[in-house]
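Below: the structure, in structure tokens.
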């Protein structure tokens, strides 16, 4: 009886173990990808993404009957294919490649990385190439959802492509543990040979120029079962960069760069016997790791961008995990929340963008000597000498007076205005007077680039540079802020500050501005509004439309107009401006864009919300 009970317990435990094993969650498809690639792209669903694009503002505008009448109902697919067409063979090639892409309907992951330096472990390639630290050979790996039926169609199409170029392309079947693998060998114009391997295991398409990765992925799928797809909240794309690989590539690029020696460029420098380089021409090597560390990039872990197509908006997020480093470029970050009541005295009613952010420019400026010192001590010395020769101490004369609150805007005429909160407005005003004010002819000849025209506007000094285009840029201290940008916008600020009656807040009363502020996260160190409707209306003004007509007519009247791909020429000739919908109708397809930034621990996040109207 005891023995029977023991047998029952063993059976129960075995059954429980089997059930438990079967209930374990499947591993994610991303686990099949190579470890820590330089770049990893993940598309949640190709077909889902394509369908969602149709519901986006740009997709709905494209499908609008009135807009299509204006464009002449162009064949977009044929237009894209025509770009790659140079002859009948390329036309057929473009058609087949388009069909191949359409067979990828589900999730797709692509990894790109630098090919190992060891030829034996890298992609099978004869002939090779040079590697200067910038132009490096890349290796790739692809994982995609693919049914057996679609894989069969894919093989037929790829064989057709190979048959079209039998001199350079050869496809054969090889076996790996009973799994059929397609080996494709291609020759380029220099005789270099590149191999790729492809297989479909359990509706998972595997493809790479690295045989060992394909075989390893096949073995894992057979051992652990089919991986699970990602479960995104909405269709989208995720792009990830490895911080370690960014650092590696940056160090390589820096190490290849040579700074000239202190005497380089001096008359006669290096003119020694046999034209050998003399001491003045010595170009010392740079400690690339020290430069990367001085920039604050030595602890960077990752940079990731995601695009999600949500029902009412497109959410674009760029996030950087910088690690513990806070020096170098990170000194620019002031993580304190930006106040929500920042209102300039004057914002034009037709402003198309308005943004507030925290940025510590003084701290960033103070990092420059450390970065130059990491390149070479002589460069820090030359930096100091330049400031001495010009008589400008940027840190003391400018940066010391700046706070970290920064405001910027553009109006519908593309005029820009920027403003920085000041710690000491009177001190900054005195610095501007000394640096930009009226100077004697000798000083003007020494530094003509600083030759601004000084004028007094309603009791406020304004320094103006006239552009060749007829517009002018200016700088002025007004109230507690330093303003720079279009001189007329600066005059508008001064006028509003000195007016007896406060100007109406037309811009700040707009619904789009109020919505941005309503949705602003409490910890946002920056926020920005871009009014796409206003931008589109401005772009489609009567004057701009006439310019478009003239540009199109000029292009189609050129002698080589009909030498372009026939589909492209036909598309251009099909545009009929008499059928163009009103600007307001086209603009109505677009909504505003809200941007927010925040810093939490080591993570910096910038988010853009592209709203549907």
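Residue numbers (our numbering): 252 to 864.
Quick reminder that beta carbons are idealized off the backbone N, C-alpha and C, glycines included.
In the three-state reduction of the DSSP assignment, residue 391 falls in the strand class, which pools E and B. Your pair residue 654 and residue 672 checks out as a contact, with CB atoms roughly 4 Å apart and the cut at 8 Å. Partner residues in the beta bridge of residue 554, as assigned by DSSP, are 492 and 571. Residue 406 and residue 277 have their C-alpha atoms some 28 Å from each other. Between residue 844 and the set 748, 688, 783 and 800, the nearest pair of CA atoms involves 783. Following the DSSP letters along the chain, one finds residue 779 inside the beta strand (DSSP E) bounded by residues 777–781. With 16 or more other Cβ atoms inside 10 Å of its own Cβ, residue 777 counts as buried. The alpha carbon of residue 800 has as its nearest neighbour, out of 827, 819 and 809, the alpha carbon of 827.
Going by DSSP, residue 762 is part of the alpha helix (DSSP H) stretching over 762–770. Note on residue 600: under 16 other CB atoms within 10 angstroms of its CB, so exposed under the neighbour-count rule. Just measuring C-alpha positions, the residue of 452, 852 and 411 sitting nearest residue 395 is 452.
In the displayed model, residue 732 falls within a strand according to three-state DSSP. Here residue 840 has 308, 311, 312 and 864 as same chain residues with Cβ atoms under 7 Å from its own Cβ, once five neighbours each way along the sequence are excluded. Here the alpha carbon of residue 475 sits roughly 32 Å from the alpha carbon of residue 570. Look at the stretch 290–317 and you find these whole runs of alpha helix (DSSP H), each 4 residues long or longer: 297–306 and 308–314. Of all alpha-carbon atoms in 447, 584, 565 and 735, the one lying nearest the alpha-carbon of residue 611 is that of 584. In the displayed model, residue 659 falls within a strand according to three-state DSSP. Between residue 732 and residue 670, the alpha-carbon positions lie close to 6 Å from each other. In the same chain as residue 350, and ignoring 5 residues on each side of it, the C-beta atoms closer than 6 Å to its own belong to 408, in chain order. DSSP, reduced to helix, strand and coil, places residue 487 within a strand of the structure shown. According to the DSSP assignment, residue 450 belongs to no alpha helix (DSSP H) but to the beta strand (DSSP E) extending over 444–452. Residue 361 is positioned such that its CB atom lies no closer than 7 Å to that of residue 322.
Residue 771 holds the alpha-carbon nearest to the alpha-carbon of residue 857 among 686, 795 and 771. Residue range 834–838 is occupied by the alpha helix (DSSP H) that includes residue 838.
For the pair residue 557 and residue 575, the CB atoms are not nearer than the 7 Å cut-off. Only buried fits residue 613, as 16 or more other CB atoms lie within 10 angstroms of its CB. Residue 486 is classed as buried because its beta carbon has at least 16 other beta carbons within 10 Å across all chains shown.
Burial is judged here by how many other beta carbons sit within 10 angstroms of a residue's own beta carbon; residue 787 has at least 16 and is buried. In the structure shown, residue 279 falls within a strand segment according to DSSP collapsed to helix, strand and coil. Less than 7 Å separates the beta-carbon of residue 567 from that of residue 859. When the beta-carbon positions are compared, residue 589 and residue 607 come within less than 7 Å of each other. Counting C-beta pairs closer than 8 Å gives three or more between the stretch 290–303 and the stretch 352–366, which meets the contact rule.
The Cβ atoms of residue 506 and residue 539 sit closer than 7 Å to each other. The Cβ atoms of residue 668 and residue 780 do not sit closer than 7 Å to each other.
Apart from sequence neighbours up to five positions away, the residues of its chain that approach residue 680 with a beta-carbon distance below 8 Å are 712 and 728, ordered along the chain. Shown here for residue 638: same chain residues with a beta carbon closer than 8 Å to its own, the five before and five after excluded, namely 644 and 645 in chain order.
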